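Structure record follows, encoded as structure tokens.
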Ligand code: SF4
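In the working numbering, the protein residues as written are 85 to 598.
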């Protein structure tokens, strides 16, 4: 018999109220609980303590929605079950039950409840007297978390009375290349995970038992900080749990494996300054620690000057923004391939001159890549080195465009030949300030060298946010909202190249070139 109810102790069907919601487990909260029981407890009881959602995670969620909708083409003609209010678990489960009993063959977002555990499956397909469930992931492969997610769904659905003959995960096929309309059959790969989810049923039951105990009790589990706070995803209660850890600890040593940081911390070494000799730090980390101890910058004026001597005015300062959509937006692209949609270009005709500014933004209407490269080539026609920050990125995008438009191959090669990398003095540690905190991205270098110029007042402050804004622009039709997104994107990208102009000026002053 098919059951899809939330039952009270005496077997009565109950309505989902705030207390029920506090103890209800969903796929997302279940996976949170597997990562850390304390995180689950905090999420349910003190959600206000969560860190704000970061721009990278927001982008992953946006991409997931787009892939989920497109994957429905693999099983067309289904009925959308999601309730108007996504918090209304009981309504979703009741609606699913109605459709199943009325003979529907394909359901999207079918919802199931069993003993205060709720799941929504992306696609549910009738297969004779049994069913096949498909979970869509916007990733390029299957991870242990995906399998646990599917195993939890399998548990809830089968316990709710669904005869599940097959369970599969649908993920992005990285080898797909778009030509014309997106072909869901080629974009996605579907893999049966029936055996893997069956093998995990005991683990699911055990984890659910443990998690229910935590949610029904009122005592926060004692879990110390550790590697689990970072992987497989960054925990959003770090602000709460890590708040007592001050700046300048072993956790701030750049590029040190998290496991090594935790090892040092647990051995009683908290401050970065207390890390002993022979602790296995590389040269850059040793420099970071020694500058932290002294509080002074390190500058190799000889090497810095030699780098500056390689730059010939006039100078261009160029920065690209790109998106990496799971679903390729234009012909010739593969999933997650970079699509440069914007650039900012400052131009300095001579040392000390006021910079001139040029820019380009693909506003989301059609394939703008030809216009992008034609405009860029025109803007960089005059002689002079082209400064970028992290050359591999801009050079890689130009090479991609050269493949799409071979007629511009020669001009693109010429621009690449004129490229110089402003990151070089920082990556090679000709100049290091403790304020850079071991990093050499432009976001770390700018506040250390030019604190008066800041991204803080901008609506978009990092590349992930720019990527998300561009994704929003592609689907936005409201003129006012579009204008605002365009303005924010332009301000952000312009700041990147202005920051480069100011950083170069600072380096020239320090090296006595001005
Ligand atoms: S920060 Fe770490 S210890 Fe705290 S809730 Fe998250 S995973 Fe658990």
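Think of the CB as a built atom: it goes at the ideal place given N, C-alpha and C, for glycine as much as any other residue.
The model shown is predicted, which means the values in this text are computed figures rather than measured ones.
At a cut-off of 6 angstroms, would you count residue 123 as near the ligand SF4, judging by its Cβ distance to the nearest heavy atom? Working through the chain shown from its first residue, we reach residue 123 at position 39. Within the cutoff, so yes.
Looking at C-beta atoms only, is the number of pairs between the stretch 530-541 and the stretch 577-590 that lie closer than 8 angstroms three or more? yes
On the premise that residue 577 lies in contact with residue 641, defined as a C-beta separation below 8 angstroms, what is that separation, rounded to the nearest angstrom? The question about residue 641 has no answer, for the chain in this structure spans 85 to 598.
Return the bridge partner residues of residue 163 from the DSSP annotation. Along the chain shown, one-based indexing puts residue 163 at 79. Partner(s): 191.
Mapping the DSSP letters down to three states, classify residue 593 as helix, strand or coil. On the chain shown, position 509 is the one that residue 593 refers to. DSSP places residue 593 in helix when its eight states are reduced to three.
Distance, residue 461 Cα to residue 498 Cα: What you label residue 498 is simply residue 414 of the chain shown in a count that begins at 1. What you label residue 461 is simply residue 377 of the chain shown in a count that begins at 1. Each residue's Cα considered, the two are about 10 angstroms apart.
Same chain only: Cβ atoms within 8 angstroms of residue 575, ignoring 5 sequence neighbours per side: Residue mapping note: residue 575 aligns to position 491 of the chain shown, counting from 1. Closer than 8 angstroms at Cβ, skipping near neighbours: 542, 543 and 544.
For a test of your reading of the model: does the CB of residue 322 fall under 6 angstroms from any non-hydrogen atom of the ligand SF4? Yes or no. For this step, residue 322 is matched to residue 238 along the chain shown. Yes, since a heavy atom of the ligand SF4 falls inside the 6 angstroms radius drawn around the Cβ of residue 322.
When we look at the beta-carbon of residue 596 and count the other beta-carbons within 10 Å, is it buried (16 or more) or exposed? Walking along the chain shown from the start, residue 596 turns up at place 512. Label assigned to residue 596: exposed.
Determine whether the beta carbon atoms of residue 214 and residue 189 lie at a separation below 7 angstroms. One-based indexing of the chain shown puts residue 214 at position 130. One-based indexing of the chain shown puts residue 189 at position 105. No, Cβ-Cβ distance for residue 214 and residue 189 is not below 7 angstroms.
Just to confirm, does residue 309 get its C-beta within under 6 angstroms of one of the non-hydrogen atoms of the ligand SF4? Numbered from 1 along the chain shown, position 225 holds the residue referred to as residue 309. Yes, the beta carbon of residue 309 sits closer than 6 angstroms to at least one heavy atom of the ligand SF4.
Helix, strand or coil: how does DSSP classify residue 424 here? Indexing the chain shown from 1 puts residue 424 at position 340. Residue 424: strand per DSSP, three-state reduction.
Residue 324 versus 568, 546, 569 and 122, residue with shortest Cα-Cα distance: Residue 324 sits at position 240 when you count from the first residue of the chain shown. It is 122 whose Cα lies nearest to the Cα of residue 324.
Check this for me: beta carbons of residue 262 and residue 131, under 7 angstroms apart or not? If you number the chain shown from 1, residue 262 lands on position 178. If you number the chain shown from 1, residue 131 lands on position 47. Not a contact, by the Cβ cut-off of 7 angstroms.
Under 6 angstroms from any heavy atom of the ligand SF4, does the C-beta of residue 312 make it? Numbered from 1 along the chain shown, position 228 holds the residue referred to as residue 312. Under cutoff, so the answer is yes.
Within this structure, are the beta carbons of residue 173 and residue 196 separated by less than 7 angstroms? The residue you call residue 173 lines up with position 89 of the chain shown. The residue you call residue 196 lines up with position 112 of the chain shown. Not closer than 7 angstroms, so no.
Assuming contact is defined by CB atoms lying nearer than 7 angstroms, are residue 314 and residue 126 in contact in what I supplied? Start at 1 with the first residue of the chain shown, and residue 314 comes out as number 230. Start at 1 with the first residue of the chain shown, and residue 126 comes out as number 42. No, the Cβ-Cβ distance between residue 314 and residue 126 is not below 7 angstroms.
Anticipated Cβ contact below 8 angstroms, residue 250 with residue 276, distance rounded: The residue labelled residue 250 in the question sits at position 166 within the chain shown. The residue labelled residue 276 in the question sits at position 192 within the chain shown. Going by Cβ atoms, the distance from residue 250 to residue 276 rounds to 6 angstroms, so yes, they are a contact pair.
Tell whether a beta-carbon distance below 7 angstroms holds between residue 356 and residue 376. Counting from one through the chain shown, the residue named residue 356 turns up at place 272. Counting from one through the chain shown, the residue named residue 376 turns up at place 292. For residue 356 and residue 376, yes; Cβs fall inside 7 angstroms.
Three-state secondary structure (DSSP) of residue 484: Numbered from its first residue, the chain shown carries residue 484 at position 400. Three-state DSSP puts residue 484 in a helix.
Any idea what DSSP makes of residue 510, helix, strand or coil? As a working note, residue 510 is residue 426 in the chain shown. It is helical.
Which residues DSSP lists as bridging residue 198, in chain order: To locate residue 198, count along the chain shown from 1; it is residue 114. Answer is 201.
Can you list the alpha helix (DSSP H) stretches of 4 or more residues lying completely in the stretch 228-290, in chain order? 228-243, 268-271 and 278-283
Three-state class that DSSP yields for residue 325 in the structure shown: On the chain shown, position 241 is the one that residue 325 refers to. Of the three classes helix, strand and coil, the one that applies to residue 325 here is helix, per DSSP.
Those residues which DSSP pairs with residue 534 across a bridge: Mapped onto the chain shown, residue 534 falls at position 450. Note: residue 534 sits in no beta bridge, so no partner.
In whole angstroms, give me the CA-to-CA distance for residue 193 and residue 354. In the chain shown, residue 193 corresponds to position 109, counting from 1. In the chain shown, residue 354 corresponds to position 270, counting from 1. When rounded, the distance between both Cα atoms is 47 angstroms.
Cut-off 6 angstroms between Cβ atoms - residues of its own chain near residue 585, not counting five sequence neighbours on either side: As a first step, residue 585 is located in the chain shown; it is residue number 501 there, counting from the start. Within the same chain, residue 585 has close Cβ partners 401, 430 and 439.
Does DSSP classify residue 579 as helix, strand or coil? If you number the chain shown from 1, residue 579 lands on position 495. Correct three-state label for residue 579: helix.
Using only the alpha-carbon positions, how far apart do residue 95 and residue 302 sit? Working through the chain shown from its first residue, we reach residue 95 at position 11. Working through the chain shown from its first residue, we reach residue 302 at position 218. For residue 95, the predicted model reports a pLDDT of 41, less than 50, meaning its position is unreliable; a value from the coordinates is still stated below. Those two C-alpha atoms are separated by around 24 angstroms.
Flag residue 120 as yes when its Cβ comes closer than 6 angstroms to any non-hydrogen atom of the ligand SF4, and as no otherwise. For the purposes of this step, residue 120 is taken as residue 36 along the chain shown, with counting starting at 1. Yes - the ligand SF4 has a heavy atom lying nearer than 6 angstroms to the Cβ of residue 120.
Proximity below 7 angstroms, CB of residue 503 to CB of residue 470: Looking up residue 503 in the chain shown gives position 419. Looking up residue 470 in the chain shown gives position 386. Going by C-beta atoms, residue 503 is nearer than 7 angstroms to residue 470.
Measure from the alpha carbon of residue 258 to the alpha carbon of each residue in 517, 552 and 416, then state which is nearest. The sequence position of residue 258 within the chain shown is 174, counting from 1. That would be 416, whose Cα lies nearest to the Cα of residue 258.
Are the Cβ atoms of residue 486 and residue 496 separated by less than 7 angstroms? Here residue 486 refers to the residue found at position 402 of the chain shown. Here residue 496 refers to the residue found at position 412 of the chain shown. Their beta carbons are under 7 angstroms apart, which means residue 486 touches residue 496 by this criterion.
Look at the alpha carbon of residue 473 and the alpha carbon of residue 115, and state the distance between them as a whole number of angstroms. Position 389 of the chain shown holds residue 473. Position 31 of the chain shown holds residue 115. Cα to Cα, the separation comes out at about 38 angstroms.
Using 7 angstroms as the threshold, is the C-beta distance between residue 457 and residue 492 below it? On the chain shown, residue 457 is found 373 positions in, with the first residue counted as 1. On the chain shown, residue 492 is found 408 positions in, with the first residue counted as 1. Closer than 7 angstroms, so yes.
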